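Residues in the sequence shown are numbered consecutively from 3, following the working numbering. Cβ coordinates follow ideal geometry from the N, Cα and C atoms, glycine included. Computed from a prediction, not measured in an experiment: that's the story for all the values here.
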Amino acid sequence: MTVALDTSALLALAVDGAQRGVVLAALDADPVWSASALAMGEALPAIDRLTDEAVLRADLEDAVRLAWDHVHVVPVDQRCLDRAADLAREQPVSVGRAIHLAADERMPAPIRFVTFDPSQIAVALGIGYDVVSA
Numbered sequence: 003m004t005v006a007l008d009t010s011a012l013l014a015l016a017v018d019g020a021q022r023g024v025v026l027a028a029l030d031a032d033p034v035w036s037a038s039a040l041a042m043g044e045a046l047p048a049i050d051r052l053t054d055e056a057v058l059r060a061d062l063e064d065a066v067r068l069a070w071d072h073v074h075v076v077p078v079d080q081r082c083l084d085r086a087a088d089l090a091r092e093q094p095v096s097v098g099r100a101i102h103l104a105a106d107e108r109m110p111a112p113i114r115f116v117t118f119d120p121s122q123i124a125v126a127l128g129i130g131y132d133v134v135s136a
């Protein structure tokens with residue numbers, strides 16, 4: 003099984019709380035972790051919205067980057083974008099959210115998709131992912 007993280011799951015690894023425990027439990031279940039390249043691009047600006055304190059921002063960024071070092075990064079190339087566009091046309095999900103789902107389809111199945119974004123859960127279940135959330 004492949005554990006696939008979206009941006010919300012990647013950020014949860016850096017923030018102490020209940021969601022962090024959910025992500026850690028999912029990661030403990032399998033050694034293969036993946037995320038779309040978009041996840042880091044979304045996570046870094048999101049850190050700036052979590053706190054105004056520069057030291058805390060730096061600590062959160064360090065934690066996200068440390069986790070990223072252990073993730074198989076799936077490129078967001080034309081193939082991924084085309085599949086994301088198809089998903090967004092077929093399902094009630096934005097292209098940005100669909101990119102995560104499309105990227106994860108390129109990893110070995112079965113996929114355990116970790117997200118705290120409600121807009122992705124039903125779509126992920128519909129395409130056959132095992133969804134982990136809170």
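According to DSSP, residues forming a beta bridge with Ala86: In the DSSP output, where bridge partners are listed per residue, Ala86 has none listed.
Work out the CA separation of Gln21 and Arg85 for me, nearest whole Å. 29 Å
Between the segment 65-72 and the segment 99-107, can you find at least three pairs of beta-carbon atoms closer than 8 Å? no
Compare the beta carbon distance of Val133 and Ala126 with 7 Å and say whether it is the shorter of the two. yes
Mind checking which residues open and close the alpha helix (DSSP H) that includes Arg114? That residue, Arg114, is in no alpha helix (DSSP H); its beta strand (DSSP E) goes 113-116.
Report the rounded CA-to-CA distance for Val17 versus Val75, giving the unit in angstroms. Annotation: Val17 to Val75 spans about 21 Å, alpha carbon to alpha carbon.
Where does the unbroken alpha helix (DSSP H) through Thr53 begin, and where does it stop? Run containing Thr53: none; DSSP gives neither H nor E here.
Apart from the five residues just before and just after Met1, which ones in its own chain have a Cβ nearer than 8 Å to its Cβ? Coverage of the chain is limited to positions 3 through 136, which leaves residue 1 absent and any answer about it impossible.
Go ahead and label Asp32 buried or exposed: buried means 16 or more other beta carbons lie within 10 angstroms of its beta carbon, across all protein chains shown. exposed
When we look at the beta-carbon of Gln122 and count the other beta-carbons within 10 Å, is it buried (16 or more) or exposed? buried
Would you mind working out which of Ala69, Ala124, Arg114 sits nearest Ile94, comparing C-alpha positions? Note on residue identity: the sequence assigns Pro, not Ile, to residue 94. Looking at the Cα atoms, Ala124 is the closest of the given residues.
Can you say whether Thr53 is buried or exposed, counting buried as having 16 or more other CB atoms within 10 angstroms of its CB? With fewer than 16 other Cβ atoms within 10 Å, it is exposed.
Arg114 burial status per 10 Å Cβ neighbour count (16 or more: buried): Counting Cβ neighbours within 10 Å, Arg114 comes out buried, since at least 16 surround it.
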